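Here is the structure we will look at.
2 protein chains.
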Amino acid sequence: MTLFDRPPVGMNLARTSKVVAQAFDAAMVEAGGTLPVWVTLLSVKSKELANQRELAGMIGIQGATLTHHLNGMEAQGLLTRRRDPENRRVHQVALTEAGEALFEKLRLAAVAFDKRLRAGIPDDRLAEFAEVLAALRANVAPAE
Amino acid sequence: MTLFDRPPVGMNLARTSKVVAQAFDAAMVEAGGTLPVWVTLLSVKSKELANQRELAGMIGIQGATLTHHLNGMEAQGLLTRRRDPENRRVHQVALTEAGEALFEKLRLAAVAFDKRLRAGIPDDRLAEFAEVLAALRANVAPAE
DNA sequence: ATCTAATCGTTAGATATCTAACTTTGTCTT
DNA sequence: AAGACAAAGTTAGATATCTAACGATTAGAT
């Protein structure tokens, strides 16, 4: 019995993403954080940059999940939240000194990890790889 | 301030895998299942005599997670577990008729999804893509 | 034969994530 | 100005996953 005509792309993608994410999390733990803490720090930090929208999309977590992590990190003293006086719906999130320090540590670890991840793969292959990833996302986008 | 020299490969991979997995889960729900139910059925089906540890390894989940899904699916009448008389530590997992029927339905939906996912991407591009995925896995493998 | 190891699976407890509903606040329409 | 709509964030409840500890069973060593 043959289950599939060919090896499904999605399965391969999911398996790879999982092992890579687990390895990344291990690297973050070694640097004193976790993957979600890194993602949250990055998202907070990127609000200070111009391309906030783009990075927020890249990170891809829901608001409720962000709230969850912000709660934990606020309790750990990594950041503070306060209402924006200009628009009281908005929470202004700012990193404490400890938060900034952890961010920098994790950022370096993330850069090192990405270097390890890309090792031996030429830039043009990586560029094509990114194009295929974008095509896959487009193919499953809701408004087709 | 520049956070990264270049867009990190891992972030792109994770984001893509996430949206693709969500779309796949939606397709499975439409066909009467879920993503984890599908992978569990698939692994049971592709090796009827496997023990639970082997099944979990195929799917890429831990034994405890598999127990969780098998519990749910057994309660739904999709499969049965019984002790192997030869080695009473082992649980033999078998699909019921309902399990077989659901498997076939989900299999068709999975094939259709994969067709949609790969739409417009030439086979040689997909082959290169799979090679890069394999290289990424190798680069984070523990025993480098 | 009995004590020790390993194996298989489950249970318990923790974390991460999602969706849906709700609260608060601001904006827009008429 | 009032009521409806939109936006930002939180809360509640659900599912999926992990690790660690455990119980049952088997295999191996002496």
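Residue numbers (the numbering used here), protein chains in the order written: chain L, 193 to 336; chain Z, 193 to 336.
Don't be surprised by glycine CBs; every beta carbon is placed ideally from N, CA and C.
This one's a predicted model, so the numbers in the text were calculated from it and none came from an experiment.
Looking at the unbroken beta strand (DSSP E) that takes in Asp276 (chain Z), where does it start and where does it end? For this step, residue 276 (chain Z) is matched to residue 84 along the second sequence. Here the beta strand (DSSP E) through Asp276 (chain Z) covers 271-276.
Go ahead and pull the three-state DSSP assignment for Gln284 (chain L). One-based indexing of the first sequence puts residue 284 (chain L) at position 92. Strand at Gln284 (chain L).
Could you tell me whether any non-hydrogen atom of the ligand FMN is closer than 7 Å to the CB of Asp315 (chain Z)? Because no ligand of any kind appears in the structure shown, any question about the ligand FMN cannot be addressed here.
So which residues on chain L does Leu258 (chain Z) lean against when the C-beta distance must stay under 8 Å? On the second sequence, residue 258 (chain Z) is found 66 positions in, with the first residue counted as 1. None at all; the shortest Cβ gap to chain L is about 15 Å.
Please list, in chain order, the chain L residues whose beta carbon lies closer than 7 Å to that of Ala215 (chain Z). The count along the second sequence starts at 1 and reaches residue 215 (chain Z) at position 23. Result: Val332.
Does the beta carbon of Pro221 (chain Z) sit closer than 8 Å to a beta carbon anywhere in chain L? Counting from one through the second sequence, the residue named residue 221 (chain Z) turns up at place 29. Strictly speaking, residue 221 (chain Z) in this sequence is Val, with Pro absent from that position. It does not; no Cβ of chain L falls within 8 Å.
Determine, for Asp316 (chain L), whether the minimum Cβ-Cβ distance to residues of chain Z falls below 8 Å. Locating residue 316 (chain L) in the first sequence gives position 124, counting from the first residue. Not an interface residue.
Complete alpha helix (DSSP H) runs within the segment 199-269 of chain L (minimum length 4 residues, chain order): 201-222, 227-238, 244-251, 255-267
Secondary structure at Arg310 (chain L), three-state DSSP: helix, strand or coil? Within the first sequence, numbered from 1, the residue matching residue 310 (chain L) stands at position 118. Arg310 (chain L) falls in the helix class under three-state DSSP.
In angstroms with no decimal places, state the Cα-to-Cα distance between Ile313 (chain L) and Arg275 (chain L). Here residue 313 (chain L) refers to the residue found at position 121 of the first sequence. Here residue 275 (chain L) refers to the residue found at position 83 of the first sequence. Those two C-alpha atoms are separated by around 46 Å.
Boundaries (first-last residue) of the alpha helix (DSSP H) holding Asn331 (chain Z): Stepping through the second sequence from its first residue, residue 331 (chain Z) is reached at position 139. Residues 315-332.
Measuring only the C-alpha atoms, how far is Ala286 (chain L) from Phe295 (chain L)? The sequence position of residue 286 (chain L) within the first sequence is 94, counting from 1. The sequence position of residue 295 (chain L) within the first sequence is 103, counting from 1. Whole-angstrom Cα-Cα distance: 12 Å.
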